[in-house]
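A short worksheet on the structure shown next.
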Amino acid sequence: MSALSAAKAILEADATLLATSTGGVWDYDETGRLGINRTTTPGAFDDNKVIKPCVLLRLRSSEPNPFLQDEGARYSGVTEMLEVWFYEDSGYSNIETMRDRVWTLLHAVQLSDTFMCLWAGDVRGGRDTDLNANVERSTYQVTTKKSA
Amino acid sequence: MTQTGFRWIRPPEQALTELTEAYVAAIHRGVLRIAQGYAPEIENWMKGNAPWTDRTGNARQTLYTEVNHVVQSMVEIVLSHGVSYGIYLELNNAGRYAIIDPALDHWAPILWSEVVRMLS
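Here the protein sequences come in this chain order: A and B. Here this note's numbering is used: the first residue of the first sequence is 94, the next is one more, and so on. Here this note's numbering is used: the first residue of the second sequence is 228, the next is one more, and so on.
Okay, here's the thing in structure tokens:
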């Protein structure tokens with residue numbers, strides 16, 4: 094199980110988060126390259142096609158960790174940056190609720206087959222002009238491994 | 228009986244302070260040299276790896292890095308867009324066209340290992 098799917102499983106299982114995130118919890122495989130949109134993720138929108146508060150997970154990068162290397166055993170540490178995007182139509186109150194809840198669920202938690210998942214910062218008060226929605230993003234750093 | 232011993236030319240507490248300050252200054256110069264050495268490389272990497280398809284080429288060509296002394300003992304490398312709509316490239320479509328954060332992810336461990344190498 095990848096770090097992303099492990100994190101998604103944790104978020105999807107949390108009734109508190111889902112009570113706010115009425116538009117669902119998605120990943121980039123489900124949404125496609127456009128992210129949340131009215132075609133591939135209609136569940137994230139209400140009957141008037143207005144976005145509901147929702148969460149999107151995306152693996153941003155997967156880079157070698159230079160301090161965790163064993164060439165003899167062909168073992169490489171990997172630092173993965175996991176992005177959690179939060180959307181709502183207007184205001185940021187639901188986004189803040191979702192962001193705080195995700196922090197509670199993911200920060201300093203060991204995901205399946207990884208070291209600790211650690212919060213690595215937020216981007217606040219953004220606007221997705223394509224989606225016409227407010228957006229914020231949390232980033233989590235997950236150290237895992239790659240081996241033969 | 229002959230007395231033996233030594234006399235401080237400069238008291239240890241004074242020498243230690245001066246040596247510590249010199250060591251800190253040397254570290255600062257080393258970090259600055261690393262930052263100045265890598266900044267153009269990071270800028271080229273961003274221009275080469277920006278994931279969008281160029282229309283005017285402005286967004287790609289105006290990506291830049293800049294090395295600053297923030298305070299006396301701190302060095303920063305600023306990575307930035309040079310176009311007003313750079314923020315939307317970073318945030319729209321869940322970061323589909325982002326380049327700043329991927330650059331940080333790629334270069335931060337390289338820079339950090341250079342700093343560790345300098346100190347070891």
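Backbone N, C-alpha and C fix where the C-beta goes; we use that ideal spot for every residue, glycine too.
Residue i and residue j closer than 9 Å at C-beta
i         : j         : result
Asn225(A) : Ile103(A) : no
Pro336(B) : Asn227(A) : no
Leu318(B) : His308(B) : no
Val305(B) : Thr292(B) : yes
Val235(A) : Thr207(A) : yes
Val302(B) : Ala262(B) : yes
Asp281(B) : Ser154(A) : no
Met273(B) : Ile314(B) : no
Tyr265(B) : Glu341(B) : yes
Leu204(A) : Ala96(A)  : yes
Leu290(B) : Glu270(B) : yes
Identity of the residue in the options nearest residue i by Cα
i         : options                                       : result
Ser98(A)  : Ala108(A), Tyr121(A) and Ser186(A)            : Tyr121(A)
Ala286(B) : Asn271(B), Glu270(B), Tyr312(B) and Leu306(B) : Tyr312(B)
Ser240(A) : Ser169(A), Asp206(A), Leu199(A) and Ser205(A) : Ser169(A)
Gly214(A) : Met174(A), Thr134(A), Glu156(A) and Glu123(A) : Met174(A)
Ala321(B) : Met94(A), Tyr180(A), Ser205(A) and Val195(A)  : Tyr180(A)
His296(B) : Thr280(B), Thr247(B), Ser347(B) and Val258(B) : Val258(B)
Glu123(A) : Phe160(A), Thr134(A) and Lys238(A)            : Thr134(A)
Thr172(A) : Asp182(A), Ala166(A), Leu161(A) and Ala201(A) : Leu161(A)
Arg230(A) : Gly219(A), Thr237(A), Asp223(A) and Ser205(A) : Gly219(A)
Leu199(A) : Thr232(A), Thr222(A), Asp221(A) and Ser183(A) : Thr232(A)
Asp223(A) : Ala112(A), Trp196(A) and Arg131(A)            : Arg131(A)
Local Cβ density within 10 Å of residue i, reported as buried at 16 or more and exposed below that
i         : result
Trp339(B) : exposed
Lys101(A) : buried
Thr235(B) : The sequence as given places Trp at residue 235(B); Thr does not occur at that position. By the neighbour-count rule (16 or more Cβ atoms within 10 Å), Trp235(B) is not buried but exposed.
Met94(A)  : exposed
Ser114(A) : buried
Gly128(A) : buried
Trp279(B) : exposed
Asn187(A) : buried
Arg192(A) : buried
Arg194(A) : buried
Residue i beta carbon near the ligand SAH (any heavy atom closer than 8 Å)
i         : result
Asp221(A) : As presented, the structure is devoid of all ligands, the ligand SAH included, so that no description of it is given.
Original post:
Does the count of Cβ pairs from the stretch 119-135 of chain A and the stretch 146-160 of chain A closer than 8 Å reach three?
Top reply: Yes, since at least three Cβ pairs between the stretch 119-135 of chain A and the stretch 146-160 of chain A fall closer than 8 Å, the two stretches touch.
**OP:** Pull out every residue of the stretch 151-169 of chain A whose Cβ sits closer than 8 Å to any Cβ of chain B, in chain order.
**Re:** Arg151, Arg153, Ser154, Glu156, Pro157, Asn158, Pro159 and Phe160
Original post:
Counting Cβ pairs closer than 8 Å, one from the stretch 243-256 of chain B and one from the stretch 195-211 of chain A, do we hit at least three?
Top reply: Because the criterion of three Cβ pairs below 8 Å is not met, the stretch 243-256 of chain B and the stretch 195-211 of chain A do not touch.
Subject >> Against chain A: residues of the stretch 284-316 of chain B by CB proximity under 7 Å >> reply: Among the residues of the stretch 284-316 of chain B, those with a Cβ less than 7 Å away from any Cβ of chain A are Tyr315, in the order of the chain.
Subject >> Residues from the stretch 325-337 of chain B in contact with chain A, defined by Cβ distance under 8 Å >> reply: Ala325, Asp328, Pro329, Asp332, His333, Pro336 and Ile337
Original post:
Of the residues that make up the stretch 216-229 of chain A, which ones have a beta carbon closer than 8 Å to any beta carbon in chain B?
Top reply: Val216, Gly219, Arg220, Asp221, Thr222, Asp223, Leu224 and Val228
**OP:** Please list the residues of the stretch 102-125 of chain A that have a C-beta atom closer than 8 Å to any C-beta atom in chain B, keeping them in chain order.
**Re:** From the stretch 102-125 of chain A, only Tyr121 and Thr124 have a Cβ closer than 8 Å to chain B.
**OP:** Output, in sequence order along the chain, the residues in the stretch 172-190 of chain A whose CB is closer than 8 Å to any CB in chain B.
**Re:** Thr172, Met174, Glu176 and Trp178
**OP:** Please name the residues in the stretch 127-146 of chain A whose beta-carbon is closer than 9 Å to at least one beta-carbon of chain B, in chain order.
**Re:** Leu127, Gly128, Ile129 and Asn130
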